[in-house]
Amino acid sequence: MTPFYVKWMDRLYLFAMFVAGFSLLLMTIVIPIGIFSRYVLNRGESWPEPIAIICMVTFSFVGAAVSYRANSHIAVNMLIDRIPPAMQRLCAKLVDLLMLTISGIMFWYSALLCIELWEQPVAEFPILTSGESYLPLPIGSAIIILFVIERLLFGSQENRPVVLIGNHG
Numbered sequence: 096m097t098p099f100y101v102k103w104m105d106r107l108y109l110f111a112m113f114v115a116g117f118s119l120l121l122m123t124i125v126i127p128i129g130i131f132s133r134y135v136l137n138r139g140e141s142w143p144e145p146i147a148i149i150c151m152v153t154f155s156f157v158g159a160a161v162s163y164r165a166n167s168h169i170a171v172n173m174l175i176d177r178i179p180p181a182m183q184r185l186c187a188k189l190v191d192l193l194m195l196t197i198s199g200i201m202f203w204y205s206a207l208l209c210i211e212l213w214e215q216p217v218a219e220f221p222i223l224t225s226g227e228s229y230l231p232l233p234i235g236s237a238i239i240i241l242f243v244i245e246r247l248l249f250g251s252q253e254n255r256p257v258v259l260i261g262n263h264g
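Quick note: the sequence shown uses the numbering used here, first residue 96, plus one each step.
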């Protein structure tokens, strides 16, 4: 089970990294288009803002899952670095369990939000519903849950070659 799960988490990690990166790229393309349209052409387009917001939400939530697996998220270790190694491991497990709990709550309520808003159209971008625009929240939360389970079962994956892609530090 170990190699199978980790192999699929590697694939999910690479896919999530691509999605987060593509969302960031698309957002950086769409925002200048909106600015150019408004201030140079004197015609404010309605679609760049909702697209940029969806890209930002996607980048934030899917990117958070990627940074969690790579252990590259923001952390304050001042206290943890000063306690004995056994307590450090205990605190790490506690943090992972809290992360699992928070991600589970986030998944549950964001899925309910998507269901509740599934039929409501986005006024500025009518081919998309509000529920669809919030899909990155439960998807990102589900990916985090899978990565937390992986860390709880198999330990940190931050030093594996697939996770070190792009990490030169």
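C-beta atoms are modelled at their ideal positions from N, C-alpha and C, and glycine is treated no differently.
For Leu-212, no beta strand (DSSP E) run applies, since DSSP gives it neither H nor E. In chain order, His-168 place their CB closer than 8 Å to the CB of Ser-162, counting only its own chain and leaving out the 5 sequence neighbours on each side. Put simply, the backbone Cα of Ser-228 is about 44 Å away from that of Ile-178. Spatial neighbours of Ala-147 in its own chain (CB-CB distance under 6 Å, excluding positions within 5 residues in sequence) are listed in chain order as Met-122, Val-125, Ile-126. For the pair Phe-156 and Gly-235, the CB atoms are nearer than the 8 Å cut-off. No Cβ-Cβ contact shorter than 8 Å links Phe-242 with Ala-170. Look at Leu-192 here: in three-state DSSP terms it is helix. In this structure the region 102 to 112 does not lie against the region 128 to 136, because fewer than three pairs of beta carbons, one per stretch, are closer than 8 Å. Here Trp-142 is near Glu-219, since their CB atoms are less than 8 Å apart.
Secondary-structure assignment with DSSP links Phe-220 through a beta bridge to Val-217.
Within its own chain, the residues whose Cβ lies closer than 7 Å to the Cβ of Gly-158, once the five positions on either side in sequence are excluded, are Ala-115, listed in chain order.
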